[in-house]
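Numbered by mature numbering (1 follows the signal peptide of the UniProt record, and there is no 0), the letters in the sequence shown go through residues -19 to -1, 1 to 165 in order. Don't be surprised by glycine CBs; every beta carbon is placed ideally from N, CA and C. For reference, the structure is listed below as C-alpha coordinates.
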Amino acid sequence: MNKKMAALIGILLPAISVAACDDTAPAPEAESTSTSTPTTTTTIAAPEPTQPGVLDAELANRILRSTWSSLADPTAEIDLSQILTETALEDIENQRLEWATNEFRQEGNANIVGTTVEPGETPDTAIARVCIDSTRVEVLDENGSTVNDDIPREEQRSLMIAVFSLDDGVWKLAEQQFPDDPRC
(Lines of atoms letter the chains of each structure in order from A and count residues from 1; the text may use other names and numbers.)
(Lines give C-alpha, C1' and ligand atoms only; values in the text may rest on other atoms or scores of the structure.)
Protein backbone atom coordinates (compact mmCIF):
# COMPACT_ATOMS: atom_id res chain seq x y z
CA MET A 1 0.00 0.00 0.00
CA ASN A 2 1.46 3.38 -0.91
CA LYS A 3 1.89 6.14 1.65
CA LYS A 4 -0.90 8.35 0.33
CA MET A 5 -3.41 5.48 0.41
CA ALA A 6 -2.33 4.59 3.96
CA ALA A 7 -2.82 8.22 4.98
CA LEU A 8 -6.27 8.35 3.38
CA ILE A 9 -7.31 5.16 5.14
CA GLY A 10 -5.91 6.59 8.36
CA ILE A 11 -8.04 9.69 8.04
CA LEU A 12 -11.18 7.90 7.02
CA LEU A 13 -10.80 4.83 9.20
CA PRO A 14 -9.74 6.26 12.50
CA ALA A 15 -8.40 3.68 16.21
CA ILE A 16 -5.55 1.38 18.56
CA SER A 17 -3.06 -0.19 20.78
CA VAL A 18 0.11 -1.58 19.27
CA ALA A 19 0.57 -5.14 20.37
CA ALA A 20 4.27 -4.86 20.88
CA CYS A 21 6.66 -7.52 21.99
CA ASP A 22 9.03 -6.29 24.66
CA ASP A 23 12.15 -8.18 25.56
CA THR A 24 12.48 -7.39 29.24
CA ALA A 25 15.61 -9.45 29.82
CA PRO A 26 18.41 -7.13 30.96
CA ALA A 27 21.46 -6.86 28.75
CA PRO A 28 24.72 -8.06 30.25
CA GLU A 29 26.70 -5.25 31.94
CA ALA A 30 29.68 -5.68 29.61
CA GLU A 31 27.59 -5.24 26.47
CA SER A 32 25.74 -2.08 27.39
CA THR A 33 26.06 0.78 29.81
CA SER A 34 22.55 2.11 29.22
CA THR A 35 19.65 1.23 31.46
CA SER A 36 16.31 0.34 30.03
CA THR A 37 13.29 2.33 31.05
CA PRO A 38 10.16 0.28 31.69
CA THR A 39 7.46 0.75 29.08
CA THR A 40 4.29 2.34 30.42
CA THR A 41 1.02 1.46 28.76
CA THR A 42 -1.64 4.13 28.91
CA THR A 43 -5.19 2.86 29.20
CA ILE A 44 -7.86 5.06 27.70
CA ALA A 45 -10.85 4.83 30.01
CA ALA A 46 -14.34 4.42 28.66
CA PRO A 47 -16.35 7.65 28.81
CA GLU A 48 -19.33 7.58 31.16
CA PRO A 49 -22.73 7.48 29.43
CA THR A 50 -25.07 10.39 30.09
CA GLN A 51 -27.83 7.81 30.71
CA PRO A 52 -27.04 4.30 31.99
CA GLY A 53 -27.32 1.69 29.24
CA VAL A 54 -27.97 4.28 26.52
CA LEU A 55 -25.61 5.15 23.70
CA ASP A 56 -26.31 8.73 22.70
CA ALA A 57 -24.54 10.87 20.09
CA GLU A 58 -22.34 12.59 22.69
CA LEU A 59 -21.01 9.30 24.06
CA ALA A 60 -20.42 7.89 20.56
CA ASN A 61 -18.49 11.05 19.62
CA ARG A 62 -16.32 10.90 22.76
CA ILE A 63 -15.41 7.27 22.02
CA LEU A 64 -14.51 8.14 18.42
CA ARG A 65 -12.41 11.17 19.41
CA SER A 66 -10.52 9.14 22.01
CA THR A 67 -9.82 6.50 19.39
CA TRP A 68 -8.56 8.98 16.81
CA SER A 69 -6.32 10.76 19.31
CA SER A 70 -4.11 7.67 19.44
CA LEU A 71 -2.84 8.45 15.95
CA ALA A 72 -0.94 11.52 17.16
CA ASP A 73 1.76 9.13 18.39
CA PRO A 74 1.23 5.66 16.94
CA THR A 75 4.31 4.32 18.77
CA ALA A 76 2.89 5.09 22.23
CA GLU A 77 1.79 2.10 24.25
CA ILE A 78 -1.96 2.60 24.53
CA ASP A 79 -4.63 0.15 25.68
CA LEU A 80 -7.89 0.99 23.96
CA SER A 81 -9.74 -2.15 25.03
CA GLN A 82 -11.92 -0.01 27.32
CA ILE A 83 -13.45 1.78 24.30
CA LEU A 84 -12.89 -0.64 21.40
CA THR A 85 -13.71 -4.29 20.83
CA GLU A 86 -13.87 -6.85 18.05
CA THR A 87 -13.00 -5.63 14.55
CA ALA A 88 -12.57 -1.98 15.58
CA LEU A 89 -9.86 -2.85 18.10
CA GLU A 90 -8.04 -5.06 15.60
CA ASP A 91 -8.32 -2.43 12.84
CA ILE A 92 -6.90 0.37 14.95
CA GLU A 93 -4.08 -1.81 16.27
CA ASN A 94 -3.17 -2.66 12.68
CA GLN A 95 -3.39 0.98 11.62
CA ARG A 96 -1.18 2.12 14.50
CA LEU A 97 1.35 -0.59 13.68
CA GLU A 98 1.39 0.43 10.00
CA TRP A 99 1.75 4.10 10.90
CA ALA A 100 4.56 3.32 13.36
CA THR A 101 6.35 1.26 10.69
CA ASN A 102 5.97 4.06 8.11
CA GLU A 103 6.78 6.69 10.77
CA PHE A 104 3.47 8.49 10.19
CA ARG A 105 1.74 10.62 12.76
CA GLN A 106 -1.37 12.74 12.78
CA GLU A 107 -1.63 16.42 13.59
CA GLY A 108 -4.92 18.21 13.97
CA ASN A 109 -8.30 16.78 14.80
CA ALA A 110 -11.21 15.59 12.75
CA ASN A 111 -14.42 17.49 13.35
CA ILE A 112 -17.62 15.56 13.90
CA VAL A 113 -20.23 17.49 11.94
CA GLY A 114 -23.21 15.42 13.00
CA THR A 115 -24.13 12.11 14.59
CA THR A 116 -27.36 10.14 14.69
CA VAL A 117 -27.72 7.00 16.78
CA GLU A 118 -30.32 4.29 16.34
CA PRO A 119 -30.82 0.88 17.93
CA GLY A 120 -28.99 -2.05 16.41
CA GLU A 121 -30.37 -5.48 15.58
CA THR A 122 -30.12 -6.54 19.23
CA PRO A 123 -30.60 -4.56 22.48
CA ASP A 124 -26.86 -4.58 23.14
CA THR A 125 -25.93 -2.94 19.82
CA ALA A 126 -26.37 0.54 18.39
CA ILE A 127 -25.56 2.11 15.03
CA ALA A 128 -24.18 5.64 14.77
CA ARG A 129 -24.04 7.49 11.48
CA VAL A 130 -21.28 10.04 11.86
CA CYS A 131 -20.39 12.82 9.41
CA ILE A 132 -16.67 13.51 9.77
CA ASP A 133 -14.77 16.51 8.41
CA SER A 134 -11.03 15.73 8.23
CA THR A 135 -9.91 18.93 6.50
CA ARG A 136 -7.91 19.99 9.59
CA VAL A 137 -6.07 16.68 9.83
CA GLU A 138 -2.56 16.35 8.47
CA VAL A 139 -0.80 13.01 8.22
CA LEU A 140 2.94 13.57 8.40
CA ASP A 141 5.73 11.22 7.38
CA GLU A 142 9.08 10.70 9.08
CA ASN A 143 10.39 13.97 7.59
CA GLY A 144 7.40 16.02 8.70
CA SER A 145 6.05 16.22 5.14
CA THR A 146 2.29 16.09 4.68
CA VAL A 147 1.26 12.94 2.83
CA ASN A 148 -2.46 13.66 2.53
CA ASP A 149 -2.30 17.14 0.96
CA ASP A 150 -3.49 15.98 -2.47
CA ILE A 151 -6.75 14.45 -1.23
CA PRO A 152 -9.60 16.54 -2.66
CA ARG A 153 -11.45 18.59 -0.07
CA GLU A 154 -14.78 16.91 -0.88
CA GLU A 155 -13.22 13.53 -0.01
CA GLN A 156 -12.14 14.84 3.40
CA ARG A 157 -15.73 14.94 4.61
CA SER A 158 -17.38 11.55 4.78
CA LEU A 159 -20.05 9.48 6.43
CA MET A 160 -18.92 6.68 8.69
CA ILE A 161 -21.18 4.00 10.11
CA ALA A 162 -20.02 3.03 13.58
CA VAL A 163 -21.36 -0.13 15.18
CA PHE A 164 -21.24 -0.11 18.98
CA SER A 165 -21.77 -3.02 21.34
CA LEU A 166 -22.59 -3.08 25.03
CA ASP A 167 -19.83 -5.10 26.70
CA ASP A 168 -20.23 -5.70 30.45
CA GLY A 169 -22.31 -2.53 30.75
CA VAL A 170 -19.86 -0.39 28.74
CA TRP A 171 -20.47 0.85 25.19
CA LYS A 172 -17.52 0.09 22.90
CA LEU A 173 -16.89 0.70 19.23
CA ALA A 174 -17.03 -2.72 17.56
CA GLU A 175 -16.82 -1.93 13.85
CA GLN A 176 -16.41 0.98 11.43
CA GLN A 177 -17.88 0.93 7.93
CA PHE A 178 -18.28 3.32 5.04
CA PRO A 179 -21.39 3.33 2.87
CA ASP A 180 -21.16 3.11 -0.92
CA ASP A 181 -21.92 6.84 -1.05
CA PRO A 182 -19.92 8.35 1.84
CA ARG A 183 -20.90 11.97 1.16
CA CYS A 184 -22.48 13.90 3.99
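| query | result |
| --- | --- |
| Range covered by the alpha helix (DSSP H) that runs through residue 68 | 67 to 83 |
| Residue 77 vs residue 47 beta-carbon contact at 8 Å | no |
| Selection from 96, 43, 67 that minimises the alpha carbon distance to residue 139 | 96 |
| Beta-carbon proximity list for residue 109, same chain, < 6 Å, skipping 5 on both sides | 41, 96, 98, 143 |
| Cβ-based neighbour list, residue 121, same chain, cut-off 8 Å, excluding 5 preceding and 5 following | 85, 86, 87, 88, 127, 128 |
| Other residues of its chain near residue 106: CB distance less than 6 Å, five sequence neighbours each side excluded | 146 |
| Three-state class that DSSP yields for residue 129 in the structure shown | coil |
| Alpha helix (DSSP H) segment containing residue 175, residue limits | Any answer about residue 175 is impossible in this case: the structure gives the chain only from -19 up to 165. |
| Start-to-end residues for the beta strand (DSSP E) that takes in residue 124 | Residue 124 -> no beta strand (DSSP E), and no H or E assigned at all. |
| Residue 68 and residue 156 closer than 8 Å at C-beta | yes |
| Residue 91, buried or exposed, once every other Cβ within 10 Å from all chains shown has been counted against 16 | buried |
| C-beta atoms of residue 165 and residue 118 nearer than 8 Å | no |
| Proximal residues to residue 56 (C-beta, below 6 Å), its chain only, five neighbours per side dropped | 81 |
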